[in-house]
Amino acid sequence: MAKKSSYNVAVVGATGAVGQKVMEILEDRKFPVAELRPLSSKRSAGKKLTFNNEEVTVQEATTDSFSNIDIAFFSAGGAITEQLSKAAVESGAVVIDNTSAFRMDKDVPLVVPEVNPEALESHKGIIANPNCSTIQMVAALNPIKEAFGLSRIVVSTYQAVSGAGWAANEELKNQTQQYLNEEEMVAEILPAGSDKKNYPIAFNALPQIDVFTENGYTAEEMKMINETKKIMSNPDLSVAATCVRLPVINSHAESIYIEVDNDDVSVKDIQDAIKGGKGVVLQDDPSTQTYPTPLSAADKYDVFVGRIREDLDNKKGFHLWVVTDNLVKGAALNTVQIAETLLEKDLK
Ligand SMILES: NC(=O)c1ccc[n+]([C@@H]2O[C@H](COP(=O)([O-])OP(=O)(O)OC[C@H]3O[C@@H](n4cnc5c(N)ncnc54)[C@H](OP(=O)(O)O)[C@@H]3O)[C@@H](O)[C@H]2O)c1
């Protein structure tokens, strides 16, 4: 990608939950866009969207969609990334992919700009954006790891339905109405569209996000485990995850237990590390009931951390509560920050 004053940008999945946020954030952060090309399936081709106060028309994404494109943001599912990303790279675009298609490929950097921006230097045309629940966890834990070392993570998530796309939001709203009308709740999408059974999410909690893998963990849990080790460049880091879907529209919350390397660390030390971290904000004061929630974090750019406590049995152990908007820092903002970092570092 040659250095220019502005860039031609394609958004594959522009009509989806993540694609819409990508366009909103490009606009909000005044990313230097010359042409914005919104792409989707045949279903939405022809639809009009607005970008920087101008109408743009959605086109069907094909292998011919990327001529003169400098940066292509992909969020249309892993299969579309697999089908079209090679054509985009061959046309000269850098692909920043929100799906899980290439995240664990050793030739593809998996990047959270506050944590491992240096990984971008070795990119070969495709850069992967981590899973939403991984991004907020590594962003919150990195300042602690830098200050005190980190050997163990045990995380339980409380994830919003928007993490499963627009259709899951609609399913929660419809089921809520059905429940209040004393009708049977219709479940067709969650916990995983491709699995055998569906369960209602309204007034419920589902301990399954994505499908089960052979070891009994779900694919979402294994993403958190494997991606965290890759981003933190530490295959020996001990990570365990339990991922749960809640009837919340936006923002994932996580209860995280960590063990640091030093045994003389206090809660104040952990709070100070968070205060000094990039993109993380401390909201932690039990005396004023100050802590982040999904509603307070919605539409914000930061990752919020509260409820920091010492473990009562392990001097190296701490508990934290971490919340961020899954569509913003958990997806679209992180991809836009990757693009901004490419420009700042003058990387092709
Ligand atoms: N939601 C999150 O928090 C989140 C976070 C990180 C990553 N992701 C990942 O991002 C991807 C999209 O998620 P989402 O939540 O935005 O889903 P979504 O709201 O369901 O949107 C899906 C988008 O993909 C497009 N699409 C579907 N089939 C296509 C095809 N054959 N060719 C071209 N475009 C096609 C859709 O276009 P139409 O309008 O034509 O159907 C729509 O724009 C998924 O892989 C997801 O895992 C999501």
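For the sequence shown, the numbering used here gives the first residue as 5, with consecutive numbering after it.
Glycine included, each C-beta is placed from N, C-alpha and C at the ideal position.
- In the assembly as shown, Ser71 is an exposed residue. Its beta-carbon has fewer than 16 other beta-carbons within 10 Å.
- Nearest Cα to Gly96 within the set Asn12, Gln179, Lys52, Tyr261: Asn12.
- Note on the region 279-315: whole alpha helix (DSSP H) runs with a minimum of 4 residues are 298-301, in chain order.
- Within the same chain, Gln287, Asp288, Gly310, Arg311, Trp325 come within 7 Å of Tyr295 by CB-CB distance, once the 5 residues on both sides are set aside.
- Apart from the 5 residues on each side of it in sequence, Val158 sits with its Cβ closer than 7 Å to the Cβ of Ala244, Tyr261 in its chain, given in chain order.
- For the pair Leu210 and Leu194, the Cα-to-Cα distance works out to about 9 Å.
- For Pro251, the closest of Pro298, Leu88, Lys233, Phe77 by C-alpha to C-alpha distance is Pro298.
- Its chain contains Ala18, Thr19, Pro42, Leu43, Ser44, Ser48, Ala49, Gly50, Lys51, Lys52, Leu53 as the residues whose beta carbon lies nearer than 8 Å to that of Val62, once the 5 sequence neighbours on both sides are disregarded; these appear in chain order.
- Pairing His323 with Ala277, the inter-Cα distance amounts to about 14 Å.
- Rounded to whole angstroms, the separation of the alpha carbons of Gly334 and Phe106 is 17 Å.
- Beyond the five residues adjoining it in sequence on each side, Lys319 comes within less than 7 Å, by CB distance, of Asp267 in the same chain, given in chain order.
- Put simply, the backbone Cα of Val307 is about 15 Å away from that of Pro134.
- Comparing alpha-carbon positions, the option among Ala151, Ser155, Ser137 lying closest to Ala168 turns out to be Ser137.
- Val15 has its alpha-carbon roughly 6 Å from the corresponding atom of Gly23.
- Here Ile100 really is in contact with Thr339; their C-beta atoms are around 5 Å apart, less than 8 Å.
- A distance below 7 Å between beta-carbons, with the five flanking residues on each side excluded, links Gly280 to the following residues of its chain, in chain order: Pro147.
- Annotation for Thr232 indicates a beta carbon at 7 Å or more from all heavy atoms of ligand 1.
- Ranked by Cα distance from Leu40, the first of Glu58, Ile342, Tyr305 is Glu58.
- Between Phe35 and Ala343, the beta carbon gap of about 7 Å places them in contact (Cβ cut-off 8 Å).
- Going by DSSP, Pro147 is part of the alpha helix (DSSP H) stretching over 136-152.
- Inclusion of Arg33 and Val165 in the CB contact set at 8 Å is not warranted, their separation being larger than that value.
- Using a C-beta cut-off of 8 Å, the region 231-238 makes contact with the region 115-133, since at least three inter-stretch Cβ pairs fall below that distance.
- When C-alpha distances from Lys227 are compared across Lys128, Ser255, Met108, Glu64, the shortest belongs to Met108.
- At least 8 Å separates the beta-carbon of Gly82 from that of Thr66.
- Taking 3 residues as the minimum length, the region 199-238 contains no beta strand (DSSP E) run wholly inside it.
- In terms of CA proximity to Cys247, Gln212 leads the group Ile274, Asp273, Asn254, Gln212.
- For Thr222, the Cβ stays outside the 7 Å cut-off from all heavy atoms of ligand 1.
- According to DSSP, residue pairing for Ile253 in a beta bridge does not occur.
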